[in-house]
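Colleague:
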Amino acid sequence: MSGRWLAGKVGAAVLTLVFVLVFNFFLFRAVGDPTSQLARLPGATDEQIEQLREDYGLDKPLLGQFADYVGDTVTLDLGISQTTREPVWDEIVAALPWTLLLVGTGTLLATLIGAWMGVKAATHRGTRTDDGLLGFSLFTYASPEYWIGIILILVFAVAWPIFPAGQQVTPGVEFASWFDEALDVVDHLILPMTAMTLMLLGQYFLIMRSSMVDVLTEDFITVKRATGLSRERVINRHAVPNALLPLVTLSAIQFGAVAGGAITIETVFSWPGLGELSFNAINDKDFPMLQGTFLVFSFGVIFANLLADVLYFYLDPRVQSR
Amino acid sequence: MSPLLEIEGLRVTHDGKPIVDGVDLTLEPGEALALAGESGCGKTTTALATMRLLPPSLEQSGVITLRPEGVAEPINIGRRTETGMRLVRWRHISLVFQGAMNSLDPVQRVGRQLAEAIRLHERASSAELAARIAELLETVGLTAGVGDRYPHELSGGQRQRVMIALALACRPSLVIADEPTTALDVVMQAQVLQLLERLREELGLALILISHDLGVLAETCDRIAVMYAGRIVEIGAVDGVFAAPQHPYTKLLLDSLPVIGDERGLAAAIPGAPPHPGEPPPGCRFRPRCPFSGDRCDVDPDRREVGPRHEAACHYAPWERWPEIEPAAAGEGGAA
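Chains as they are written, first to last, in numbering that gives the first Met the number 0: chain A, 0 to 321; chain B, 0 to 335.
This is the structure:
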């Protein structure tokens, strides 16, 4: 039963992925003749352009090009970057861990802090605590993340220089051990991670607060209190596990979207992740690179959705019987 | 014998406005008391106040005394600390809510929820716990396997049985059942009521049954208290009250019951709407809707003895004979 359920979810994910693949191919064909971008020298001759067409297989009919594209993608050959002349896949593999580190820690922190704040606000509804938390989270929710990033740099890297303003490690330093290197990375991670956390926090807080307010009006909360449980234990053992369900799903689904949306934060902090990679690719009109990062972002969103489904399956017994 | 539960002058207020306005009530051990009345008249609030479970925005005053068997000192509910109250809840008084509603935590297995309640009040090894839970579930007519289920895997009737098993988990002397059958179909209603009655006889429980369904209450209870706008307006033995109601509100409530075999037609509704207990009309609270009211109703009547163990809050009680009223006249009476 649960095996069939999982197979269905995976099937749907694969189908979406196929659609993305098709869309990704035709999107970049719709932008215009790729050779016009390739021939950077204004004085390129017709033979040179023809040669480029042949090199990239653009002289073949569209369907043949598509077959090539699918074949290459499946074998993880995403082409060569037009700016760095490195394989796109290698560049992505180098950038991916940095994005996952930034987005992963940011999402985790935002979920934990957002959940905690949500519980506090819901259990102190209508008090100053609630108002303060609401005000704070609406402020961070409304602030653009690049602005938050710039303010963080101004305060904690310029005015009061306790953290580095950008990049992932101090350049040109030989580290004595992997541990020292890890510490240096953490030092660099703190500001962009804070920006990421603040970007996500407001939304997660609001979801948790309203979910918690709903759960607290349920009859079983009164029944649990009536059995002699203290208010704190009713909240921690019964209200929170129920109220967390929508938040966990949201943050899992968001994880995929945020990986792509980290572009501004990664750019502000010169963080060498996928966001910066695609930002540079847009500036340089590096089509193979853009196509590659698009594919990875789509894959991230689809995978995160699948992950959310599986998580919900384990957290909410009601899903399992469906 | 001293009563198990004594409520004197219970008032519950919200921002100074009363929701329950002076409820007096006694309950003998093993007795079943019905609490009847329209929605919003303060039935549930009274029940929750007895366990001191009202939300912090509501303030309660008055004296509630509980004398469970085997406990030397009477328990003064109003003066207990919150921690002290936690020892009283479920050990001495437990609660059953509407069945199909979410009375159980949806993400925890039934057995775990039963175990949690027992462990709060008793020391028990896991083997003893498992045996207790199996026994409890069997007492309410379920198999022990139900303990491994989640609430959503059970039917409305099964869930209500689990709720009753939970209510019995710590062998309390009083169970308050708030509309325990409202969300169930008629067959399930009858089963759950029979179960409650059987358990009451076997375990010697006292029961406060809250419902707006007078039929249900008549079948199950010994005494009935009728509430109107935050007060008990009539209280007495079920037989006596049903045979000869002494408050116009009770009289009209009973008249509104459809009679099987009678002419078909809509039951006689009581004209008008009940006042908010916080803003009662001057004089008798029922006066604006009362077709029998007279000059004396300018003064708010006290509840007084009108027959053997039968009290009513009406100046004209005891009523020898109820005057005939036309349904339309009743409506005008309400407007006047």
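Even glycine gets a Cβ: it sits at the ideal position worked out from N, Cα and C. Every value quoted in this text rests on a predicted model; they were computed, and no experiment measured them.
1. Using the rule of at least 16 other Cβ atoms within 10 Å of the residue's Cβ for burial, across every protein chain shown, is B:Arg-222 buried or exposed?
2. What is the rounded straight-line gap between the Cα of B:Tyr-248 and the Cα of B:Val-240?
3. Would you please verify whether the beta carbon of A:Leu-241 is less than 7 Å from any beta carbon of chain B?
4. B:Val-19 touches chain A at which residues, Cβ-Cβ below 7 Å?
5. With DSSP collapsed to three states, give me the class of B:Arg-88.
6. What are the boundary residues of the beta strand (DSSP E) that includes B:Pro-17?
7. Measure the beta-carbon distance from A:Ala-325 to A:Val-300 and round it to whole angstroms, keeping in mind my assumption that it falls under 8 Å.
8. Can a CB atom of chain B be found closer than 7 Å to the CB of A:Ala-256?
9. CA-CA distance, A:Glu-173 and A:Val-184?
10. In chain order, what residues of the same chain have a beta carbon less than 7 Å from the beta carbon of B:Glu-196, not counting five sequence neighbours either side?
11. In the DSSP assignment, find the unbroken alpha helix (DSSP H) run with B:Met-226 in it and report its ends.
12. Distance check for A:Thr-128 and B:Thr-80, CA to CA, integer angstroms please.
13. For the candidate residues A:Phe-138, A:Ser-269, A:Arg-208, whose alpha-carbon lies nearest to that of A:His-187?
14. Using DSSP's beta-bridge definition, name the partner residues of B:Glu-310.
15. Check the Cβ-Cβ distances between B:Ala-329 and every residue of chain A, and say whether any is below 7 Å.
16. Using a C-beta cutoff of 7 Å, does A:Asp-213 count as contacting chain B?
17. Roughly how many angstroms separate the alpha carbons of B:Ala-114 and B:Trp-318, rounded to a whole number?
18. So which residues on chain C does B:His-13 lean against when the C-beta distance must stay under 9 Å?
19. Once the 5 residues before and after B:Gly-333 are set aside, which same chain residues still bring their CB inside 7 Å of it?
20. Mind pulling the chain B residues with CB within less than 7 Å of A:Glu-231?
21. Could you name the residues of the stretch 127-151 of chain B whose beta carbon sits closer than 8 Å to any beta carbon of chain A, in the order they occur along the chain?
22. What residues from chain A crowd round B:Arg-90, counting only those whose CB sits closer than 8 Å?
23. In whole angstroms, what is the alpha-carbon distance linking B:Gly-36 and B:Val-19?
24. Buried or exposed: which applies to B:Trp-89, given that a residue is buried once 16 or more other Cβ atoms fall within 10 Å of its Cβ?
25. Taking only beta-carbon positions, decide if B:Asn-75 is within less than 7 Å of chain A.
26. Quick check: A:Glu-144 and A:Thr-263, are their CB atoms within less than 7 Å of each other?
27. Comparing the C-beta of A:Glu-217 with each C-beta of chain B, is any distance below 7 Å?
28. Just how far apart, CA to CA, sit B:Ala-126 and B:Pro-55?
29. Please list the partners that A:Thr-221 has in chain B, where partner means a Cβ-to-Cβ separation under 9 Å.
30. Verify whether the separation of the beta carbon atoms of B:Leu-141 and B:Arg-160 is less than 7 Å.
31. Along the chain, where does the alpha helix (DSSP H) containing A:Val-87 start, and where does it finish?
32. Give every residue of the same chain whose Cβ lies closer than 7 Å to the Cβ of B:Arg-308, excluding the five residues on either side of it in the sequence, and list them in chain order.
33. Using a Cβ-Cβ cut-off of less than 8 Å, list which residues of the stretch 118-151 of chain A approach chain B; keep chain order.
34. Taking the alpha-carbon positions, what's the A:Leu-51 to A:Gly-148 distance?
35. Hey, quick one: how far does the alpha helix (DSSP H) through B:Thr-64 stretch, first residue to last?
36. Cβ atoms of B:Ala-311 and B:Gln-245: under 7 Å apart, would you say?
Modeller: In short, the structure shows the following:
1. buried
2. 12 Å
3. Residue identity check: residue 241 of chain A is Asn in the sequence provided, not Leu. Closer than 7 Å to some Cβ of chain B, the Cβ of A:Asn-241 qualifies, so yes.
4. Here the premise fails: no neighbours, minimum Cβ distance about 17 Å.
5. strand
6. 16-26
7. This structure cannot settle anything about residue 325 of chain A, because the visible part of chain A is limited to 0 through 321.
8. no
9. 13 Å
10. Thr-219
11. From DSSP, B:Met-226 is part of no alpha helix (DSSP H) but of the beta strand (DSSP E) over 222-227.
12. 26 Å
13. A:Ser-269
14. B:Ile-234, B:Glu-304
15. Bear in mind that the predicted position of B:Ala-329 carries a pLDDT of just 44, short of 50, making it unreliable; the figure below should be weighed with that in mind. For B:Ala-329, the answer is no, since every Cβ of chain A falls outside 7 Å of its Cβ.
16. no
17. 52 Å
18. No chain C appears in the structure shown, which is made up of the protein chains A and B.
19. Its pLDDT being 39, under 50, B:Gly-333 is placed unreliably by the model, and the measurement read from it follows with that caveat. Excluding sequence neighbours, B:Gly-333 sits near Pro-270, Gly-271, Pro-287, Arg-288.
20. Per Cβ cutoff of 7 Å: no residues; A:Glu-231 is ~11 Å from chain B at best.
21. Tyr-149, His-151
22. Gly-227
23. 13 Å
24. buried
25. no
26. yes
27. yes
28. 39 Å
29. Leu-47, Leu-52, Leu-94, Phe-96, Ser-102
30. yes
31. 87-122
32. Gly-235, Ala-236
33. none
34. 42 Å
35. Counting along the chain, B:Thr-64 falls outside any alpha helix (DSSP H), though it belongs to the beta strand (DSSP E) covering 57-65.
36. yes
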